[in-house]
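S.K.:
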């Protein structure tokens, strides 16, 4: 069990409206495994009738459990910067990923993997360095700490590329058979939105606030883990710090036949 033992009470001016909690004490022995019976009204799960999740993270506890999460402790993308759990914060029922101007940043992956299924998360971003890419993605089991997928499989169902104002959501799909496929939506990502993805033998579908915004006839086949990352790409956008706030994560099952 890993304790995320601090949450900033004063951060950069761009996020001074956040009332983060005070420093946390010792972690309790157990985390609650119960998931809310009903998802948010804007979620794909409610709009599409996905039923009950098999696993969720609500970030209401005072720690992150290493039995549920892989915490990145690796060099950053292309060997630049550093991924570390020291830039993960908890407060006000949310998880915060922080990136420093020198490329010290956060990333983690859920240990709950499945080949076919549905994944959804509720995220709010803050204006910040264009060199930072906030990401919610599916990666072959084990987390997205590596730079490249060993199986050439990846689904970025919420990404931002060189957009310091966080006004465009990008979708990226890579499969061995389908190569690279891209999609995007113009949306103010500095307000709360739900981002979801469905992966089945019939293909991949992406949802933004319950509405379809990406579709492909290709899909991944390996067991995939949901990852949350704030990746640093120096030289590919403005410099500085960045924040990413995650309200919850939910994983839904799906039969192999879809």
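Numbering (mature numbering (1 follows the signal peptide of the UniProt record, and there is no 0)), first residue to last: -25 to -1, 1 to 233.
C-beta: ideal position from N, C-alpha, C; glycine also.
If you drop the 5 nearest sequence neighbours on each side, which residues of the same chain put their C-beta closer than 6 Å to that of residue 50?
M.R.: Reading the chain shown from its first residue, position 75 is the one you call residue 50. Nothing meets the Cβ criterion.
S.K.: Can you find the residues in the same chain that come closer than 6 Å, C-beta to C-beta, to residue 109, ignoring five residues on each side of it along the sequence?
M.R.: Along the chain shown, one-based indexing puts residue 109 at 134. Counting only Cβ-Cβ distances below 6 Å, and skipping sequence neighbours, we find 100, 135, 205, 219.
S.K.: Relative to the alpha-carbon of residue 25, which residue among 172, 176, 215, 210 has its alpha-carbon at the smallest distance?
M.R.: Within the chain shown, residue 25 is the residue found at index 50, counting from 1. Considering only alpha carbons, the answer is 172.
S.K.: In this structure, how does DSSP classify residue 168 when only helix, strand and coil are distinguished?
M.R.: By 1-based counting over the chain shown, the position of residue 168 is 193. DSSP places residue 168 in strand when its eight states are reduced to three.
S.K.: Mapping the DSSP letters down to three states, classify residue 194 as helix, strand or coil.
M.R.: The count along the chain shown starts at 1 and reaches residue 194 at position 219. Note: residue 194 maps to coil in three-state DSSP.
S.K.: So residue 19 and residue 195 are in contact, right, with Cβ under 8 Å, and what is the actual spacing, rounded?
M.R.: Position 44 of the chain shown holds residue 19. Position 220 of the chain shown holds residue 195. Contact doesn't hold; Cβ gap of about 18 Å is too wide.
S.K.: Give the list of continuous alpha helix (DSSP H) stretches no shorter than 4 residues that lie fully inside the region 27 to 89.
M.R.: Runs found: none.
S.K.: Any chance the CB of residue 230 is under 7 Å from a heavy atom of the ligand HEM?
M.R.: In the structure on display, the ligand HEM does not appear, and there are no ligands present to speak of.
S.K.: Going by DSSP, what residue range makes up the beta strand (DSSP E) through residue 144?
M.R.: As a position in the chain shown, residue 144 is number 169, starting the count at 1. Segment 143 to 150, the beta strand (DSSP E) holding residue 144.
S.K.: Using alpha carbons as the reference points, say which of 15, 62, 64, 83 lies closest to residue 45.
M.R.: As a working mapping, residue 45 is identified with position 70 in the chain shown. Minimum Cα distance to residue 45 is reached at 83.
S.K.: Contact defined as beta carbons within less than 8 Å: I believe residue 153 pairs with residue 213. What is the distance between those atoms, to the nearest angstrom?
M.R.: Your numbering for residue 153 matches position 178 in the chain shown. Your numbering for residue 213 matches position 238 in the chain shown. In fact, because the Cβ distance is near 32 Å, the residues do not count as touching under 8 Å.
S.K.: Along the alpha helix (DSSP H) that carries residue 22, what are the first and last residues, could you check?
M.R.: Position 47 of the chain shown holds residue 22. Residues 19 to 23.
S.K.: Which of the three DSSP states, helix, strand or coil, is assigned to residue 202?
M.R.: One-based indexing of the chain shown puts residue 202 at position 227. Of the three classes helix, strand and coil, the one that applies to residue 202 here is strand, per DSSP.
S.K.: Can you grab the Cα-Cα spacing for the pair residue 76 / residue 13, in whole Å?
M.R.: Looking up residue 76 in the chain shown gives position 101. Looking up residue 13 in the chain shown gives position 38. Answer to the nearest angstrom: the Cα atoms are 39 Å apart.
S.K.: At what residues does the beta strand (DSSP E) containing residue 110 begin and finish?
M.R.: Counting from one through the chain shown, the residue named residue 110 turns up at place 135. It spans 107 to 115 - the beta strand (DSSP E) in which residue 110 sits, taken as one unbroken run.
S.K.: Measure the C-alpha to C-alpha separation of residue 203 and residue 104 and round it to an integer number of angstroms.
M.R.: Along the chain shown, read from residue 1 onward, the residue named residue 203 stands at position 228. Along the chain shown, read from residue 1 onward, the residue named residue 104 stands at position 129. Their backbone Cα atoms lie some 18 Å apart in a straight line.
S.K.: Of all the options 180, 186, 86, 150, which has the alpha carbon lying nearest to the alpha carbon of residue 93?
M.R.: For this step, residue 93 is matched to residue 118 along the chain shown. Of the candidates 180, 186, 86, 150, the one whose C-alpha sits nearest the C-alpha of residue 93 is 180.
S.K.: Measure the C-alpha to C-alpha separation of residue 178 and residue 133 and round it to an integer number of angstroms.
M.R.: As a working mapping, residue 178 is identified with position 203 in the chain shown. As a working mapping, residue 133 is identified with position 158 in the chain shown. Approximately 17 Å between the Cα atoms of the pair.
S.K.: What are the residues that DSSP puts in a beta bridge with residue 189?
M.R.: On the chain shown, position 214 is the one that residue 189 refers to. Answer is 181.
S.K.: Starting from residue 155, trace the beta strand (DSSP E) in both directions and tell me its first and last residue.
M.R.: Reading the chain shown from its first residue, position 180 is the one you call residue 155. Residue 155 -> beta strand (DSSP E) spans 154 to 161.
S.K.: Whose CA, out of 28, 16, 21, 65, lies closest to the CA of residue 10?
M.R.: Along the chain shown, read from residue 1 onward, the residue named residue 10 stands at position 35. The shortest Cα separation from residue 10 among 28, 16, 21, 65 belongs to 28.
S.K.: Of all the options 193, 115, 227, which has the alpha carbon lying nearest to the alpha carbon of residue 200?
M.R.: Counting from one through the chain shown, the residue named residue 200 turns up at place 225. Closest by alpha carbon: 115.
S.K.: Could you check where the beta strand (DSSP E) with residue 93 kicks off and where it finishes?
M.R.: Sequence index remark: in the chain shown, residue 93 carries index 118 (1-based). Segment 92 to 100, the beta strand (DSSP E) holding residue 93.
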